[in-house]
Structures are given as structure tokens and as C-alpha cells.
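Going by the numbering used here, the first residue of the sequence shown is number 20, and it counts up by one from there.
We put the CB at the ideal spot given by N, CA and C, even for glycine.
Keep in mind that this is a model prediction, so the values were computed, not measured.
For reference, the structure discussed in these notes is given below.
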Amino acid sequence: MSVAENLQKVKSNLPEKVTLVAVSKTKPNEMIEECYNVGHLDFGENKVQDLTKKYEELPKDIRWHFIGHLQTNKVKYIAPFIYLMHGIDSWKLLMTIEKEGTKNNRVINCLLQVKIAKEDSKFGLSTDEVREILNSDEIQTLKHVNVMGLMGMGTRTNDESETAAEFQSLKSLFDELKEAHKLTILSMGMSGDYPLAVENGSNMVRVGSTIFGPRIF
Ligand SMILES: *Cc1c(COP(=O)(O)O)cnc(C)c1O
């Protein structure tokens, strides 16, 4: 099957209200163009250098999602064009995004990353830290940051019930906070677990290898 056919297949399995971010990291422009040519606009990258290169080379109406761990000193490279930053996990990053948003005269859309997996390697805020940030007075003063929702990654495990429980915990945090803080996006689910994530309330999935094939590096 072609990349475009894989994309259509994933899309056809998703409810209409779920946004599909095609994770194109490490993949060539030609594959992205294949999806773009059948009308797909949302793509995810996790390396700033790759993202800026692809942004320069590809159509300007693509909506670029940054899904990786973002270093503060690199925010400036993607601030002019980024559509949504998924992995925000510190005040320091929020302040940097505010600064770069101000410079670029734009409001930058963000998701707070919540640590739901037990694995130590996963970045993210605790549920209490998320509450603290959203309920703080400081967040109101950031006029160039728009926190639109939450993002999380489940544990990679064959035990579906463990991953389901993690997704449910993030969904309930989202439900707790969504009205007061106008949160609309819950980003969870990857190739291995996106149907389970959608079942548990995700409305944005980040799917790479199922569309583009396995990554070699
Ligand atoms: C790579 C990546 C994905 C996509 O992974 P696949 O398993 O290839 O679908 C999703 N989210 C994040 C944060 C990633 O880094």
C-alpha cells in the first residue's frame, strides 16, 4: 500500500472529531507531499532542525506540530510558524514561548505534556503541576501563549489494561480542567495504541509508522 493509502485507512478508522497528526519524523518530503496531495495538512516532527528544513521546502499551508521534547534555546527557530507545540513541560518553556510569541507578534498554541506512563524516560508534568500551572495567575499574563489542551504518551506494553488506565487518568484530568481553562484538545495515541486512546477520549492522535512505515533510526 502507498503512504496515501495508509493515511486514508487510518483516517477512515477514526471518528470525524478526532484530528490525525501524521508523524513524518525522519521521513522524506516526498512522503509528506503524497499525503498533502490527498488533502492532509497536519504533520508532526520531533527535531527542530528537521522541522525548519521541511517547513522551508514544503507548502506553507501545512500545519506543523512539534511533538518532541523542546529545548528553550530552540523555540525561536519554530516560533514564527509552528501550529501546535505538544510537549510543553515547564514554566521555563512557557516563558520562552511567550517571549518568542511576542517577538513574532503571534499567539502560540501549546499542549501541556502530562507524564502518565510509569517509564522514567518519559518527559512530562505531574497532574498536580498541570493544575498548578493552569490555576496560576502567571499563566493569565502570558498573552502570546494559548494552552489548548493536554498531551500524554502511554507505556509501551502488551498489557492493554495498563495503557487504558493511563489514558483514562489523563482523560479525567482533562475533563476536570477543560471548562475552567477552555481546553479543547486531548492529544494521546500513537501507532500502537491510537484505537485504545480514542476509545478513552482522545481527540487528537499522532500516528507515524502505521502511515509511513518503520523508522530505521
Ligand atoms: C514518534 C512519535 C509518535 C509516533 O510514533 P509511531 O509509533 O510511529 O506512530 C507519536 N508521538 C510522539 C511524541 C512521538 O515521538
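Quick check: is any heavy atom of ligand 1 less than 6 Å from the C-beta of residue 145? no
Measuring alpha carbon to alpha carbon, tell me which of 179, 47, 225 and 192 ends up nearest residue 77. 47
Quick check: is any heavy atom of ligand 1 less than 6 Å from the C-beta of residue 154? no
Apart from the five residues just before and just after residue 81, which ones in its own chain have a Cβ nearer than 7 Å to its Cβ? 55, 60 and 62
Just to check, is the beta-carbon of residue 50 closer than 6 Å to a non-hydrogen atom of ligand 1? no
Along the chain, which unbroken stretches of the beta strand (DSSP E) at least 3 residues long are found entirely within the segment 26–98? 38–42, 61–64 and 82–85
Less than 7 Å between the C-beta atoms of residue 219 and residue 193, yes or no? no
Between residue 207 and residue 221, is the Cβ-Cβ spacing less than 7 Å? yes
By alpha-carbon positions, which one of 68, 157 and 58 ends up nearest to residue 111? 157
Determine contact between the segment 135–153 and the segment 166–179, defined as no fewer than three beta-carbon pairs at a distance below 8 Å. yes
What does the Cβ neighbour count give for residue 232, buried or exposed, with the cut at 16 atoms within 10 Å? exposed
Can you tell me which of the three DSSP states residue 230 falls into? helix
Tell me, which residues are paired with residue 225 by DSSP? 40
Boundaries of the beta strand (DSSP E) in which residue 206 is found, first to last residue: 204–207
For residue 130 and residue 197, the rounded distance between their alpha carbons: 12 Å
Distance check for residue 124 and residue 138, CA to CA, integer angstroms please. 38 Å
Would you tell me roughly how many angstroms separate the C-alpha atoms of residue 195 and residue 159, rounded to the nearest one? 19 Å
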